[in-house]
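Participant:
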Amino acid sequence: MITFRMPIPLLALMAAGFSSNVSRGSVEPVNLRKNIYGFTGTMANSVIIEGRDGVLLVDSGESASMGAQLKTAISTVSGKPVEYLVNTHWHFDHVEGNVAFSNGDTTIIGHENMRRSAATEPLMAGEGLLPAAALPHISFSDNLTLFINDEVLWLYHPDTGPAHTDGDVIVLFRNANVLHMGDIFFNGMFPYIDVTHGGRLAGIVAACRQALMFIDDDTIVVPGHGEIADKRTLAAYADELEKINESIERMVRKGMTLEEIQKAKPAAEMDALWGQGFMKTDYFVELAYMGIKKYAR
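67 is the number that numbering that gives the first Met the number 0 gives to position 68 of the sequence shown; each next residue is one higher, with no gaps.
This is the structure we're talking about:
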C-alpha cells in the first residue's frame, strides 16, 4: 500500500493553535495504475495522468514552492507540459500551488463555488487572496467530462448537497478505475468540516455514499489526505461517520449543549484510530455539532 503524507491543519485549526510546519520527504511520483501517478512528500494527495495529450494534475499543493516541486517530479515521468489542473476544493493545501502553473500554459478547472471562495477570501491567516491568474479559468456547477490520454475523466460535484465544502469536486478516471475524493475522504482520521462554507458531516456521508455507487472492488480510491484506499475502506469510513452523525443529531434534538455532547463521547469508538492525529476528537465533534446546528432542516 502506498502511503501519502498525513495532512496538517487548515486555517480554522491553525487559529486554534496548531502548527503548519511538518517535516516531509522529497516529492516523488508513484505509479498507481497505467499512466496515473500519485506523489510522496506532499501535504495533500495530488494525482496526474500523463500521455501524448499532455498532463492533467489534480490539486497543486499548499504553496508555490510545492507546485514547483510537483512540476519537477512530473517531468521525471513525462516530457509533456501540464495542460490541465483540477482543484478539488478551495483550501490552501490544494490550491496555493496553482501559482506555479499560472503562466498561461495550464488551464485551471474548479467548481464555481470553489472559484468564488478562492477569489474573495484569504486562503490562510495573514495572507492575501489567490492571485487572479491562479484561479480557475473554467468553472462548472454540476459535472464536467474531459477526454485526455485515452482516458475519460468525470469531474462531478456531489448532487447530495455540500459535503466538506460547498465547492467539492470528485474526479473519476473511468477507464483506469481510479477515484480522487478530495477532502470528502480523510483516510485514517476524522475529517475537517468547513462549516463556514457549507460543510456538514451528513453531507460528507451522503457524498461518500454517492461515490460508492460509481466504483467497484477494483477501484483505487485516493483520499484528500491519508493512505490510498479501496471501496471497502471508503464504505467503512462512511458507515462510521454516519453513526457518529446520527448520535450527535439525537443529542442535539434532546437539547444537549456542545459540552454535554463532547462529554458523552459520540465518536469514542473511532478515537483510538482517527483521533490521534491533527484532528482531535473533541474538535471534530464540535465541527459536526456546528454543522448540524447551522444547517438543520
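C-beta atoms are modelled at their ideal positions from N, C-alpha and C, and glycine is treated no differently.
Could you tell me whether the stretch 206-220 touches the stretch 248-256, where touching means 3 or more Cβ pairs closer than 8 angstroms?
Facilitator: Verdict: no, contact absent.
Participant: How far does the beta strand (DSSP E) with N142 in it extend, from its first residue to its last?
Facilitator: First-last of the beta strand (DSSP E) with N142: 142-147.
Participant: Is the beta carbon of G166 closer than 8 angstroms to that of H93?
Facilitator: No.
Participant: Do you know how far the Cα of A162 is from the Cα of A206?
Facilitator: One C-alpha to the other measures close to 7 angstroms.
Participant: What would DSSP say about W273, mapped onto helix, strand or coil?
Facilitator: Helix at W273.
Participant: According to DSSP, is S22 helix, strand or coil?
Facilitator: Caution applies to S22, whose pLDDT of 39 falls short of 50 and renders its modelled position unreliable; the value that the coordinates give is listed next. Coil, per DSSP.
Participant: Under the DSSP definition of a beta bridge, which residues are partnered with Y83?
Facilitator: DSSP output for Y83 lists L55, T106 as bridge partner(s).
Participant: Compare the beta carbon distance of V85 and I108 with 8 angstroms and say whether it is the shorter of the two.
Facilitator: Yes, the Cβ-Cβ distance between V85 and I108 is below 8 angstroms.
Participant: For D158 and D141, what's the separation of their Cα atoms in angstroms?
Facilitator: About 7 angstroms.
Participant: For the stretch 190-198 and the stretch 275-289, state whether three or more C-beta atom pairs, one from each stretch, are separated by less than 8 angstroms.
Facilitator: Cβ pair count under 8 angstroms is three or more, so yes.
Participant: Following the continuous alpha helix (DSSP H) through V204, name the residue where it begins and the one where it ends.
Facilitator: Its alpha helix (DSSP H) spans residues 200-211.
Participant: Among E95, H90, A99, which has the Cα closest to the Cα of I73?
Facilitator: The candidate whose alpha carbon is nearest that of I73 is A99.
Participant: Within 10 angstroms of the Cβ of L272, are there 16 or more other Cβ atoms? Answer buried if so, exposed if not.
Facilitator: L272 is exposed by the Cβ-count criterion.
Participant: Given that a residue counts as buried once 16 or more other Cβ atoms are within 10 Å of its Cβ, and exposed if not, what is V21?
Facilitator: Residue confidence is low: V21 scores 38 on pLDDT, short of 50, so the model does not pin down where it sits. Its coordinate-derived value is still stated next. Exposed, because fewer than 16 other Cβ atoms sit within 10 Å of the Cβ of V21.
Participant: Shortest alpha-carbon distance to G198 belongs to which of A287, V29, R32?
Facilitator: Considering only alpha carbons, the answer is A287.
Participant: What does DSSP give as the partner residue(s) for R39 in the beta ladder?
Facilitator: In the sequence on display, residue 39 carries Thr and not Arg. DSSP lists E27 as partners of T39.
Participant: Quick one: what's H224 bridged to in DSSP?
Facilitator: F185, per the DSSP bridge assignment.
Participant: Could you check whether the stretch 113-133 touches the stretch 172-184, counting it as contact only if at least three pairs of C-beta atoms, one from each stretch, sit closer than 8 angstroms?
Facilitator: At 8 angstroms Cβ cutoff, the stretches do not touch.
Participant: Would you check if the distance between the CB atom of G60 and the CB atom of E95 is smaller than 8 angstroms?
Facilitator: Taking 8 angstroms as the Cβ cut-off, G60 and E95 qualify as a contacting pair.
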